[in-house]
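All residue numbers in the sequence shown are consecutive under this note's numbering, ending with 296. Think of the CB as a built atom: it goes at the ideal place given N, C-alpha and C, for glycine as much as any other residue. Nothing here was measured: the structure is a model prediction, and the numbers come from that model. Read through the structure below, which is laid out as structure tokens, and then see the notes.
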Amino acid sequence: MNNEALINNWFENHTATMEYQGNIQVIEWREPGTRMYSVKYVLDGSNVFVTGDLGTATFRLTESATIHNLARYAKDYFIGKLVCAQHGTFSFDIETARKHLREWKQEIDEEELYYGSESIPAFYDYLMTHSKDITHEFDWKRLVELAADAVNVWYTLDSEDLSCICEYGQELDINLIAYYVGLQRACSELIVQEALDKIPELEASIFSRAGTEFNIQSDKQVGVVLFEKLKLVSDQESSTEYSITNDLLKKLQGQHPIVEELLQYRTYLIRIGNHKQFDERAVV
Numbered sequence: 013m014n015n016e017a018l019i020n021n022w023f024e025n026h027t028a029t030m031e032y033q034g035n036i037q038v039i040e041w042r043e044p045g046t047r048m049y050s051v052k053y054v055l056d057g058s059n060v061f062v063t064g065d066l067g068t069a070t071f072r073l074t075e076s077a078t079i080h081n082l083a084r085y086a087k088d089y090f091i092g093k094l095v096c097a098q099h100g101t102f103s104f105d106i107e108t109a110r111k112h113l114r115e116w117k118q119e120i121d122e123e124e125l126y127y128g129s130e131s132i133p134a135f136y137d138y139l140m141t142h143s144k145d146i147t148h149e150f151d152w153k154r155l156v157e158l159a160a161d162a163v164n165v166w167y168t169l170d171s172e173d174l175s176c177i178c179e180y181g182q183e184l185d186i187n188l189i190a191y192y193v194g195l196q197r198a199c200s201e202l203i204v205q206e207a208l209d210k211i212p213e214l215e216a217s218i219f220s221r222a223g224t225e226f227n228i229q230s231d232k233q234v235g236v237v238l239f240e241k242l243k244l245v246s247d248q249e250s251s252t253e254y255s256i257t258n259d260l261l262k263k264l265q266g267q268h269p270i271v272e273e274l275l276q277y278r279t280y281l282i283r284i285g286n287h288k289q290f291d292e293r294a295v296v
């Protein structure tokens with residue numbers, strides 16, 4: 013099972029809750045009824061403190077740590093903000109090292125690099141033969157040095173290639189990846205919940221201002237309310253086929269409070285659409 017599948021299995025039944033403690037936001041990401049694989053994210057200013065069943069870590073951002081900011085971060089960017097972690101940043105996997113070594117050998121063979129050299133194939137064979145039982149990064153690097161000495165590859169192999177081979181097998185620690193995946197899912201779930209909570213309030217206010225209920229997602233019905241009922245002024249040509257874009261609504265801002273609420277309503281729909289993969293209740 014690869015890391016992604018393993019983490020998906022860990023978080024299969026997790027749900028997110030958030031509470032405010034002063035200016036601090038505390039997100040609990042866990043499966044109800046158990047602490048297994050639970051993660052707590054504390055958002056304090058530009059800092060994200062992680063605790064729980066998967067260990068501890070601290071991340072420092074260049075902006076405020078909010079669910080909306082965090083939800084848009086790519087994995088490498090977020091992990092690049094790591095200050096410290098209980099389990100370190102990287103772990104070593106010998107099968108990954110051997111895989112990268114095979115890929116390197118295939119590449120130099122295809123490009124005929126080191127053509128005619130006897131030491132390169134011998135170096136490769138030595139590493140593949142003696143690396144099967146290695147479990148630690150230090151032992152792998154030591155083996156690379158021993159292999160280079162054994163077949164006298166020092167004057168043949170490019171020094172950059174040798175350095176890269178020493179780094180083979182390094183993988184981001186699975187707990188760091190899990191912190192990121194859990195945070196993304198928790199933030200998305202909370203954003204959807206926030207929108208689902210706000211939409212009924214907005215609908216009630218919009219209907220009250222319009223003096224009638226109507227389909228807020230229908231351009232035609234919104235146009236009738238804005239231009240025929242409320243008599244808002246627009247440079248859009250008169251037509252029964254209204255096209256109510258966000259740009260048009262922004263031009264109408266200031267004429268009536270309903271306009272700002274319609275824009276806000278659409279913002280919440282967009283958020284639900286962007287994050288609905290994490291919340292099956294959100295159907296737009």
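Next on the checklist: Let me check one thing: in DSSP terms, what residues is S131 bridge-paired to?
Outcome noted: Position 119 of the sequence shown, counted from the first residue, corresponds to residue 131. None, per the DSSP bridge assignment.
Checklist entry - How many whole angstroms separate the CB atoms of V51 and L73, which I take to be in contact at a CB cut-off of 8 Å? => result Locating residue 51 in the sequence shown gives position 39, counting from the first residue. Locating residue 73 in the sequence shown gives position 61, counting from the first residue. Not confirmed; about 18 Å, so no contact.
Checklist entry - Quick one: what's got a C-beta closer than 8 Å to E215's C-beta in the same chain, skipping five residues either side? => result To locate residue 215, count along the sequence shown from 1; it is residue 203. Within the same chain, E215 has close Cβ partners I228 and Y277.
Next on the checklist: Can you check which of these residues, R47, L184 and G64, is closest to D105 by C-alpha distance?
Outcome noted: Stepping through the sequence shown from its first residue, residue 105 is reached at position 93. With distances taken between Cα atoms, D105 lies closest to L184.
Checklist entry - Alpha carbon to alpha carbon, how far is D173 from N20? => result Along the sequence shown, one-based indexing puts residue 173 at 161. Along the sequence shown, one-based indexing puts residue 20 at 8. Approximately 35 Å between the Cα atoms of the pair.
Item to check | Euclidean distance between Cα positions of G285 and G92 | outcome: Indexing the sequence shown from 1 puts residue 285 at position 273. Indexing the sequence shown from 1 puts residue 92 at position 80. G285 and G92: Cα-Cα distance of roughly 28 Å.
Next on the checklist: Under DSSP, the alpha helix (DSSP H) around S220 begins and ends at which residues?
Outcome noted: Numbered from its first residue, the sequence shown carries residue 220 at position 208. Taken as a continuous stretch (DSSP letters only), the alpha helix (DSSP H) holding S220 covers I186 to A222.
Next on the checklist: Just to confirm my understanding: we take W152, look at its own chain, exclude 5 residues before and 5 after, and list those with CB closer than 8 Å. What are they?
Outcome noted: As a position in the sequence shown, residue 152 is number 140, starting the count at 1. Closer than 8 Å at the Cβ level, and outside the excluded window around W152, lie F104, I106, A109, S143, I146, C178, Y180 and G181.
Checklist entry - Mind checking H26: buried by the 16 CB within 10 Å criterion, or exposed? => result Locating residue 26 in the sequence shown gives position 14, counting from the first residue. Result: buried.
Next on the checklist: the ligand NAD and A207: does the residue's C-beta get closer than 7 Å to at least one heavy atom of that ligand?
Outcome noted: Of ligands this structure carries none, so the ligand NAD is not represented either.
Next on the checklist: Just verifying my parser: in three-state terms, what is the DSSP assignment at A86?
Outcome noted: As a position in the sequence shown, residue 86 is number 74, starting the count at 1. A86 falls in the coil class under three-state DSSP.
Item to check | Coil, strand or helix - I270 by DSSP | outcome: Locating residue 270 in the sequence shown gives position 258, where the first residue counts as 1. Helix.
Checklist entry - For V295, does the count of other Cβ atoms within 10 angstroms reach 16, so buried, or fall short, so exposed? => result As a working note, residue 295 is residue 283 in the sequence shown. The pLDDT assigned to V295 is 33, lower than 50, so where the model puts this residue is not dependable, and the model offers no usable value.
Item to check | D291 to V204 span [Cα, whole Å] | outcome: By 1-based counting over the sequence shown, the position of residue 291 is 279. By 1-based counting over the sequence shown, the position of residue 204 is 192. Residue confidence is low: D291 scores 45 on pLDDT, short of 50, so the model does not pin down where it sits. No coordinate-derived value is stated.
Item to check | Beta-carbon proximity check, S129 vs T168, cutoff 8 Å | outcome: Locating residue 129 in the sequence shown gives position 117, where the first residue counts as 1. Locating residue 168 in the sequence shown gives position 156, where the first residue counts as 1. It is a contact, given that the beta carbons lie within the stated cut-off.
Item to check | Counterpart residues of F104 in DSSP-defined beta bridges | outcome: Position 92 of the sequence shown, counted from the start, is the residue given in the question as residue 104. For F104, which the question treats as bridged, DSSP gives the partners Q182.
Checklist entry - Considering only residues of the same chain and omitting the five flanking positions on each side of R293, which have a CB-CB separation below 6 Å? => result Working through the sequence shown from its first residue, we reach residue 293 at position 281. Its pLDDT being 38, under 50, R293 is placed unreliably by the model, and nothing is read from it.
Next on the checklist: So, for Y136: in the same chain, excluding its five sequence neighbours on each side, which residues have a beta-carbon less than 6 Å away from its beta-carbon?
Outcome noted: The residue you call residue 136 lines up with position 124 of the sequence shown. Once the five neighbours on either side are set aside, the close Cβ partners of Y136 are K117.
Checklist entry - Run through DSSP, which three-state label would D65 get? => result Counted from its first residue, the sequence shown places residue 65 at position 53. Three-state result, D65: coil.
Next on the checklist: Is it buried or exposed, A28, if we count other Cβ atoms within 10 angstroms and call 16 or more buried?
Outcome noted: Here residue 28 is taken as the residue at index 16 of the sequence shown, counted from 1. With 16 or more other Cβ atoms within 10 Å, it is buried.
Checklist entry - Along the chain, where does the alpha helix (DSSP H) that runs through R42 open and close? => result The residue given as residue 42 occupies position 30 in the sequence shown. Run containing R42: none in the alpha helix (DSSP H); it sits in the beta strand (DSSP E), I36 to R42.
Next on the checklist: So, under 8 Å CB-CB, I39 and M30 are touching, yes? Tell me the CB distance rounded to an integer number of Å.
Outcome noted: For this step, residue 39 is matched to residue 27 along the sequence shown. For this step, residue 30 is matched to residue 18 along the sequence shown. Sure, about 5 Å apart at Cβ, within 8 Å.
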